[in-house]
Structure formats: structure tokens, C-alpha cells
Amino acid sequence: MPKILKITGLEKTYSSGNKQLTVLENITFDVDKGQTFSIIGPSGSGKTTLLGLCAGLDEPNSGTIELCGQDLCKLNEDQRAQLRNKEVGFIFQNFQLLPTLTALENVSVPLELQANKNAVKTSMDLLEKVGLADRFHHYPSQLSGGEQQRVALARAFANAPSILFADEPTGNLDEETGEKVIKLLFDLNKEAGTTLVIISHDLDLANRTQQILRLKGGKILTNERTAVL
Ligand SMILES: Nc1ncnc2c1ncn2[C@@H]1O[C@H](COP(=O)(O)OP(=O)(O)OP(=O)(O)O)[C@@H](O)[C@H]1O
Ligand SMILES: [Mg+2]
1 MPKILKITGL EKTYSSGNKQ LTVLENITFD VDKGQTFSII GPSGSGKTTL
51 LGLCAGLDEP NSGTIELCGQ DLCKLNEDQR AQLRNKEVGF IFQNFQLLPT
101 LTALENVSVP LELQANKNAV KTSMDLLEKV GLADRFHHYP SQLSGGEQQR
151 VALARAFANA PSILFADEPT GNLDEETGEK VIKLLFDLNK EAGTTLVIIS
201 HDLDLANRTQ QILRLKGGKI LTNERTAVL
């Protein structure tokens with residue numbers, strides 16, 4: 001199986017005051033192209049940190065990250081941003097919508113910046129897909145948490161990414177909306193072959209992915225395939 005993500009010997013340390021805090025240690029795993037993959041573990045175990053490193057949003061202290069055939073450590077920040085724009089979708093745990101842009105603009109502006117001529121139409125279609133056709137012109141502060149999460153989802157889909165990283169994509173949603181969002185994610189995987197890497201506290205969701213990486217205290221506890229084909 002071709003790999004879309006290869007992580008080797010990753011270590012991440014934060015310094016706070018005069019103390020060094022190692023939050024990820026000796027992390028090695030890879031993700032097949034087109035795979036559905038989940039990362040689980042207790043709060044503070046390093047999941048969000050790991051996802052940020054995988055997507056090239058942050059740099060490790062040691063180890064290597066190969067994303068879409070490129071060694072991220074050999075790219076500068078601009079080159080990493082270019083690779084992200086082209087290949088990567090990211091759904092943040094706290095959404096990170098731009099507060100001064102409407103729902104529609106939050107989805108369309110990144111596309112417009114890439115000179116996409118269908119930016120607005122594409123964005124409207126995506127917002128419709130996540131059930132927000134009547135919220136185009138609302139600002140994030142005028143949207144509920146779950147609605148903001150769905151705008152973030154539409155934005156993550158917008159560039160038709162080859163790999164989508166989602167940090168607790170259903171964390172703020174009721175069961176019914178959560179199920180809709182999950183369906184959208186898995187449909188994207190099936191229809192477009194988008195690789196999914198999902199952080200979740202929801203074991204049921206993790207069990208629907210093909211592989212589960214379990215973290216504890218910044219280390220890999222297990223990395224197992226599930227019965228899902
Ligand atoms: N910028 C930072 N500076 C210092 N420590 C940090 C920083 N970011 C994260 N940490 C620490 O790293 C550890 C891992 O954080 P991370 O956000 O990756 O956890 P998580 O597994 O995503 O947790 P949760 O399930 O609560 O979202 C935590 O103990 C956190 O306090
Ligand atoms: Mg987190």
C-alpha cells in the first residue's frame with residue numbers, strides 16, 4: 001500500500017519557564033493512502049500536538065514527517081503552506097473560523113486566495129451539504145457551536161484535499177448532527193479517496209475507521225487495524 005503519511009521517531013518538547021516538557025516521544029507510524037485512521041487517548045496525551053505536526057503546522061524537535069511524498073523538515077514555512085493548501089484539509093478542535101468573515105466567506109476566501117474561479121459556488125454547495133444553506137451570511141458569533149463546526153468542515157473540504165485531519169470533528173455536536181458530519185467524512189473518503197485522520201474520544205467512531213492509534217502520556221500504546229475493510 002502506498003503511504004500518504006510516514007512518521008518516524010517523532011519527539012516534541014515544549015519549554016515552560018526553565019522546565020522542559022516532553023509531550024510526544026518516539027512516535028513512529030504510517031498511514032496508507034485512502035485509509036481511515038483514528039487517534040485516541042486521554043486528554044493531554046498529545047493527540048492535537050501530533051496532528052499539528054503531521055499537517056506541517058508545527059515542527060518537531062526530532063524525527064521525520066513525510067506527507068504526500070515530501071519530507072516536511074526539508075521544506076520552509078512557505079513551501080509547507082503551499083503543500084497544505086494543495087493537499088491538506090484541517091478541522092481544528094476549536095474551529096478557528098475568522099470572526100470578521102461570514103460563514104460563506106470563511107469557506108470561500110481560502111479558495112479565492114488560490115485564484116479558484118468557482119470559489120463562491122463551490123462554497124455554497126459545501127455549506128448546503130452540511131445543512132447550512134440558510135446561514136451563508138451569519139458571522140461565527142451568530143452561529144451555534146455545532147454550526148461553526150460544520151462551517152469548519154465545509155472549509156476543510158473546499159480544496160478537495162487528499163488527506164483530511166480532523167480534531168474531534170463531532171465533539172460539540174448532538175448525536176444526530178454528529179452522525180451527519182461523520183457520514184460526510186466517510187462519504188468523502190469513499191467518493192474522493194480522501195485519507196481521513198480523525199482524533200476522537202468516541203470509541204464508536206474510532207471503531208468505524210480501519211486503524212486505531214492509541215496514545216498515552218505522549219507515547220504509542222497500541223497501533224491496531226480494526227475489522228473494518
Ligand atoms: N504550546 C504549548 N506549550 C506548552 N505545553 C503545551 C503546549 N501545547 C500543548 N501543551 C501540552 O502538551 C500536552 C499535550 O497536549 P495536546 O493538546 O496535544 O493534548 P490532547 O491529547 O489533544 O488533549 P485533549 O484531548 O484534551 O484535546 C498537554 O499536557 C499540554 O498541556
Ligand atoms: Mg486535543
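Note that full-length UniProt numbering has the sequence shown beginning at 1, numbered continuously upward.
Where a beta carbon is used, it is the ideal one built from N, C-alpha and C, also for glycine.
{"Query": "A160, buried or exposed, once every other Cβ within 10 Å from all chains shown has been counted against 16", "Result": "exposed"}
{"Query": "Residues sharing a beta bridge with A166, DSSP", "Result": "I91, I198"}
{"Query": "Segment limits, beta strand (DSSP E) that includes Q20", "Result": "19-32"}
{"Query": "For N61, three-class secondary structure by DSSP", "Result": "coil"}
{"Query": "Close Cβ partners of E87 (< 7 Å) along its chain, the five nearest in sequence each way excluded", "Result": "C68, P161, S162, I163"}
{"Query": "Heavy atoms of ligand 2 versus C-beta positions, residues under 7 Å", "Result": "K47, T48, Q93, D167, E168, I199"}
{"Query": "Simplified DSSP state of G9, which is helix, strand or coil", "Result": "strand"}
{"Query": "Beta-bridge pairing of R225 - partner residues as DSSP gives them", "Result": "Q211"}
{"Query": "Strand pairing of residue 231, partner residues [DSSP]", "Result": "Since the first residue of the chain shown is 1 and the last is 229, residue 231 is not available in this structure."}
{"Query": "Short Cβ contact (8 Å threshold) for L10 with L21", "Result": "no"}
{"Query": "Beta-carbon proximity check, A154 vs S123, cutoff 8 Å", "Result": "yes"}
{"Query": "Near ligand 1: S43 beta-carbon under 7 Å from a heavy atom", "Result": "yes"}
{"Query": "Extent of the continuous alpha helix (DSSP H) to which T48 belongs", "Result": "47-54"}
{"Query": "Contact the stretch 174-184 vs the stretch 93-110: 3+ CB pairs below 8 Å", "Result": "no"}
{"Query": "Heavy atom of ligand 1 within 7 Å of S16 beta-carbon", "Result": "yes"}
{"Query": "Nearest residue (CA-CA) to F92, options S62, S108, E128, K47", "Result": "K47"}
{"Query": "Coil, strand or helix - F37 by DSSP", "Result": "strand"}
{"Query": "Of the listed residues A152, K117, S141, nearest to G131 (C-alpha basis)", "Result": "A152"}
{"Query": "For A113, the residue or residues it bridges with in DSSP", "Result": "Reading off the sequence shown, one finds Leu at residue 113, where the question assumed Ala. Answer is none; L113 lacks a bridge partner."}
{"Query": "As assigned by DSSP and simplified to three states, the class of L203", "Result": "helix"}
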